[in-house]
Amino acid sequence: MKVEEQTSNLQATSLILSTFASDRPFTSASLFFVIIITPFTVQIPTACSFLISAMFCKNMEFRQHFKDELPLSFEHNQKMLATVKNEPVDTTSSASSEPPDFLEFINKTLANMFKLTWKSESLSMPDQLSCLDMLSKEFPYAVNKKYRAWRFGYVTDKVPSFINNESEGVKNAVRHLYATCNDLEVIGGQLLDLRPAFKDQTQLNDYLKMECIIPKEELIDFKKIAKGRKRGRSKNEGNNQNRNGENNGGEDKPTAAKVAFISSSSADNVKEIELVLAAKNKPGSKIGDKTWTLKMEVIESKLKKEFVALITGDNDYGDNGTALSFAGLTSYEHKNYKVAADFMLDLPANCPLASKCTVPIGGYDLKASKGDVFLDASHKSQWRLLIWKNNTMAHTDFVLVGNIDEIPTDIIKPVPMTIELVSTRIID
């Protein structure tokens, strides 16, 4: 509709509603005024529609029903008219013109294809998102996780179809969750808490993997594992008592222990990993003031399997089987001349990595070189990933897990710098 038509219709609406919603009695003079003025402001069919609607609203106690929703004073509607006249008609796409920040961390070809698709005026929003979903399959895991969170804000029908065959209680809980929350990560965590209540968890798991809430690999079916076990006691079972000291009647109940998705054999095949780092040079500046793509050689160590699982985010070490990853963390800003970056990863209380923690020894007896990458696994509540920037001695508790041969000069400068580990990718 053109601006002139909008103005004309709104003016008519203003006059009619101001008359019918006023506190003055509805007299024949009022009706005569509206009948006379309306045909000159809008087309005849539109005028008739307005008159019929207005008279009906008057009889249905229009003022009482809408008094808190519609400002109906003539002065207010005149202000609305002025706004319509001054505002140009928006013919652009409803999508934001600003490209998302995570495009800085994918290759230029993919980024250009993303921008062209997102700015296309010939595609509907669902078609745009469908095309972008195809592109996102080429993104690193950490970037794809950011894409899914960004994408969630543009989805109109958010409630997934996997609840259709579930109980009414589960349906209501999931619908309420989506109606009251617009944060994908929070929703994902709540769905994980609800997962035991689902009759069919397969579709839920597929959804959680698609949204990067849980690792992309297939979940281990613990029921099948338990079915193949021999019945009998382990030497730790005692008299078949549970943790509360209650006897379970000799029944073997399998426990769903956490199992890492990266197997030892898979980790053995990982030789190189690509790291994308970004710096914040000024307080409050956007991430990506400066970025580096680095190649890290993976070194054989006693924690190689755990390191590869954490650096790629391909694990279930987190709460409720979620993935833990160094990707996405921001380095603690060291004033230490030895450390270029120090990424601290908090571990949940029941994390299976606790059994892999090394015994703290103390001292600085480990020879280190520029570009060395260390894993500090001496604390059960937090593991650290450190990038060394000069040839000095490192803490004895550290485990050497990698080396960056060509480390940029900017990273090893004496001036402390805040660095984010944006994404990682295994180099085939």
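If you're matching positions, the sequence shown starts at 1 in UniProt numbering and goes up one per residue.
Every residue gets a Cβ at the ideal spot worked out from N, C-alpha and C, and that includes glycine.
All of these numbers come straight from a predicted model, not from anything done at the bench.
About 6 Å separates the beta carbon of Ile426 from that of Val270, a gap short enough to meet the 8 Å contact definition. Taking 4 residues as the shortest admissible run, the region 126–174 contains the following complete alpha helix (DSSP H) segments, listed from N- to C-terminal end: 141–152. The count of Cβ pairs closer than 8 Å, one atom from the region 109–125 and one from the region 159–168, stays below three, leaving the stretches out of contact. A distance below 6 Å between beta-carbons, with the five flanking residues on each side excluded, links Phe105 to the following residues of its chain, in chain order: Val143, Val276, Val422 and Ser423. Under the criterion of beta carbons closer than 8 Å, Leu329 and Phe343 qualify as touching, at roughly 4 Å. Nearest to Ala197 by C-alpha distance, out of Val170, Asp157 and Leu208, is Val170.
Between Ser325 and the set Asn390, Ile214, Gln128 and Tyr178, the nearest pair of CA atoms involves Ile214. Excluding the 5 residues flanking it on each side, Tyr207 has same chain C-beta neighbours closer than 7 Å at Pro160 and Phe162, in chain order. Beta-bridge partners assigned by DSSP to Glu274: Lys295 and Arg425. Bridge pairing for Lys367: Met393 [DSSP]. The continuous beta strand (DSSP E) containing Gln382 extends over residues Gln382 to Trp388. Met113 sits in a helix when the DSSP states are folded into three classes. Look at Thr330 here: in three-state DSSP terms it is strand. The C-beta separation of Leu303 from Val373 comes to about 12 Å, leaving the pair out of contact by the 8 Å criterion. Within the same chain, Leu110, Met113, Phe114 and Thr117 come within 8 Å of Leu135 by CB-CB distance, once the 5 residues on both sides are set aside. Shortest Cα-Cα distance from Glu138 to any of Leu129, Asn107 and Gly153 involves Asn107. Comparing alpha carbon positions, the residue from Leu366, Gly402 and Ala267 closest to Glu297 is Gly402. Relative to the Cα of Asp319, the nearest Cα in the group Asn350, Thr409 and Ser301 belongs to Asn350.
In the same chain as Ile299, and ignoring 5 residues on each side of it, the C-beta atoms closer than 7 Å to its own belong to Leu400, Val401, Gly402 and Asn403, in chain order. Note: Val399 is bridge-paired with Leu375 in the DSSP secondary-structure output.
DSSP lists Ala279 as the beta-bridge partner residues of Ile419.
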